[in-house]
Each structure stands twice: as structure tokens, then as C-alpha cells.
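J.: Under this note's numbering, the first residue of the sequence shown carries the number 16, and numbering increases by one thereafter.
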Amino acid sequence: MEQILSELRIGIQTRSLTECAAWWNHDDVSNPIARLYQVLEGEGFVEHHGRSFHLVPGKLFLIPASTRLNMHCYGRMLKRWTHFTAELPNGFDLFMAMEPAFELDLAECPAWTPGVLDRFWELNQINGAVAMLESEAILRLLIVLFLNAGPGGGEDTMSALTKFKPALALIESRLADKITLDELAKAVSLHPVYFSNEFARRMGVPPMEYVRQRRIERVKHLLVGSRRKLPEIAAQTGFADGFHLSRTFKRLVGQTPSDYRERALRLTT
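(1) In chain order, what residues of the same chain lie with their CB nearer than 8 Å to the CB of residue 179, ignoring the 5 residues before and after it?
(2) Should residue 222 go down as buried or exposed, given a rule of 16 or more other Cβ atoms within 10 Å for buried?
(3) Taking residue 94 as part of the beta strand (DSSP E), name the residues at either end of that continuous run.
(4) So what does DSSP say about residue 225, is it helix, strand or coil?
(5) Given that a residue counts as buried once 16 or more other Cβ atoms are within 10 Å of its Cβ, and exposed if not, what is residue 98?
(6) Does the count of Cβ pairs from the stretch 168-185 and the stretch 59-78 closer than 8 Å reach three?
(7) Three-state secondary structure (DSSP) at residue 204?
(8) State the Cα-Cα distance for the pair residue 173 and residue 112, rounded to the nearest angstrom.
(9) For residue 278, which option in 42, 38, 32 has the closest C-alpha, if you only look at C-alpha atoms?
(10) Output the distance between the C-alpha atoms of residue 254 and residue 140, rounded to the nearest integer angstrom.
(11) Counting Cβ pairs closer than 8 Å, one from the stretch 162-170 and one from the stretch 42-53, do we hit at least three?
(12) Who are the near neighbours of residue 115 in its chain, counting only those whose CB is closer than 8 Å to its CB and skipping five residues on each side?
(13) Quick check on residue 258: buried or exposed, where buried means 16 or more other Cβ atoms within 10 Å of its Cβ?
(14) So what's residue 30 in DSSP terms, helix, strand or just coil?
(15) Does DSSP put residue 53 in a helix, in a strand, or in coil?
(16) Buried or exposed: where does residue 125 fall if 16 or more other Cβ atoms within 10 Å of its Cβ makes it buried?
(17) Please list the terminal residues of the continuous alpha helix (DSSP H) segment that includes residue 258.
(18) For residue 188, name the three-state secondary structure that DSSP assigns.
(19) Closest Cβ-Cβ distance between residue 25 and chain C: below 9 Å?
(20) Let me know the secondary structure DSSP gives residue 273 once reduced to three states.
(21) Could you check if residue 148 is buried or exposed, using at least 16 other CB atoms within 10 Å of its CB as the buried criterion?
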């Protein structure tokens, strides 16, 4: 587990301060980027993972990437927010491997130093590599606090990520190309049948279904982060054409690519 976690990659996409009102009112939306909220004034509400969270001052709120949620502000809410990624080797999302808490009262965290969070937001106004390194260090500490407050676990997933690392690396490097079961099994020196069974047992899905899931995650990022049309995205993610991509996307995500893009772009704050 330690080796996998040592390769954790943190990417801060954006940070800002926004005053929300009734326009901050969306149902059944998701985005491939994780979000962190700190409310300074007022209140709001988000619903995800079968729970409702009251966004109020004094707490931090984490929404993992690709979480489907409802979000509402019925009056006024002034909040700081940041979008970020937290990925283990080969694109695996940290919060898929280790379940975090979704809200945090920093006053109850003995490892937290007052003023550090203000520094995190101040660094948004400073350019340069050192400022970014400091920002990422603070965000890593926040992630640790959310994980420590969560239900724990993750050892089995981390072990599987280590065992199948060469196969997972092959998948990430060739998402635009045809990938076969034999190639994946060869990457970890296992018989294809044994590899398929072991992969499904340890990762929760068969190898080729995992390939489809990783392709769909890449599609999500391209839908939200670019204006590329579906045929172009299909060519870059290993799908035969836009129709095949759309059908697979609808099966795995529950929305068409165009619906997903429209809803995800609402989550700009």
C-alpha cells in the first residue's frame, strides 16, 4: 500500500470564491473532478451517497470525482471552492480505493493548524512552482484528514493495484487502441483464464469491463474539458465510432454523452 500511495498524483484545477444564490440549484449532476467546499457565510445543501449534507460555516466538504449529486442554495451562500484530482498510478481515483469522510470539522482535528486553510486560498493569488508545491502539500494534508475520518479500508484494492500494475499501465497507455485479454495476462505473466478470474475477484469487474470503464472515464474528461465532437472522442478512446461510444456510455453512466456534458458543465463552482 505504501508504494502505491507514494505515487499519488495531486492536481489542483482551479480555486475561487463565489457568492451563490437560487441559481446554484442542480439535480442529478456529476463531474469527473473532485471538489472541496468551505462555506464562509450563509448555507447550502448537497445530496450524494444516500446522505444530505448541510453546507454551513465551520466545516469542510469533500465531493469525490464522478459523484452524482443534487445541490441547492435557497438563499445566499458565500463559499470557497477548489476542483482537484487525486489519482493513484494508472489513473485510478484515490477515493475509489479508499473511502473518505464527506464532511470535516477542522476544530475537532488535532493534526490541523489554524490558519493553514487561509494560506491555501491565499496561494491562489501567487504564481510559481513553489506556491503550487505548497498548495499541493496543504491539499494532501486535507485529503489525509478526510481519509482518517472515513470508514477505513482500501487494503485489498491497493494490493490489487500493485499486483496488476503492469496490466493497468498497459491499459492506460493504449486506451485509444485495441486491447486483448491475452496481452493483459502476458503483462503480468499469468494464463489468460487465471488472470481474468483473479482480476475480477480482486478488482470487482472482469478485465475487459475494466478497460471499458477506464475508456469511459477518459471520455468524461474529454467531454467536460474540451469541445471535441463525439466521433473524435471515440477515435481517441478506443471506440469504433460515435454510436458505439454513445451506447456504451449510456449503459455505464445512465446518461447520453451530450446530457452528461450539459449537466457536468453546470458544476463550474
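The beta-carbon is built from N, C-alpha and C at its ideal position, and this holds for glycine as well.
T.: On the basis of the data shown:
(1) Counted from its first residue, the sequence shown places residue 179 at position 164. So the list reads 203, 214, 217, 218, once near-sequence residues are dropped.
(2) Along the sequence shown, read from residue 1 onward, the residue named residue 222 stands at position 207. Burial call: buried.
(3) Taking the sequence shown and counting its residues from 1, one reaches residue 94 at position 79. Run containing residue 94: 92-102, per the beta strand (DSSP E) assignment.
(4) The count along the sequence shown starts at 1 and reaches residue 225 at position 210. It is helical.
(5) As a working mapping, residue 98 is identified with position 83 in the sequence shown. Residue 98 should be labelled buried.
(6) no
(7) Residue numbering aside, residue 204 sits at position 189 when the sequence shown is read from its first letter. The answer is coil: DSSP assigns residue 204 none of H, G, I, E or B.
(8) Position 158 of the sequence shown, counted from the first residue, corresponds to residue 173. Position 97 of the sequence shown, counted from the first residue, corresponds to residue 112. Going by the C-alpha atoms only, they are around 7 Å apart.
(9) Counting from 1 along the sequence shown, the entry for residue 278 is found at position 263. Nearest of 42, 38, 32 to residue 278, Cα basis: 42.
(10) One-based indexing of the sequence shown puts residue 254 at position 239. One-based indexing of the sequence shown puts residue 140 at position 125. Cα-Cα distance, rounded: 41 Å.
(11) no
(12) Translated into positions along the sequence shown, residue 115 becomes position 100. Closer than 8 Å at Cβ, skipping near neighbours: 77, 79, 158, 161, 162, 164, 165.
(13) Position 243 of the sequence shown, counted from the first residue, corresponds to residue 258. It counts as exposed.
(14) Counted from its first residue, the sequence shown places residue 30 at position 15. Looking at residue 30 - three-state DSSP - the assignment turns out to be strand.
(15) Taking the sequence shown and counting its residues from 1, one reaches residue 53 at position 38. Reduced to three states, the DSSP call for residue 53 is strand.
(16) As a first step, residue 125 must be located in the sequence shown, where it is residue number 110. By the 10 Å Cβ count, residue 125 comes out exposed.
(17) Position 243 of the sequence shown holds residue 258. Element bounds for residue 258: 257-268.
(18) Taking the first residue of the sequence shown as position 1, residue 188 is located at position 173. It is helical.
(19) Among the chains of the structure shown, chain C does not appear; only one protein chain is present.
(20) Walking along the sequence shown from the start, residue 273 turns up at place 258. In the three-state reduction of the DSSP assignment, residue 273 falls in the helix class.
(21) Taking the first residue of the sequence shown as position 1, residue 148 is located at position 133. With fewer than 16 other Cβ atoms within 10 Å, it is exposed.
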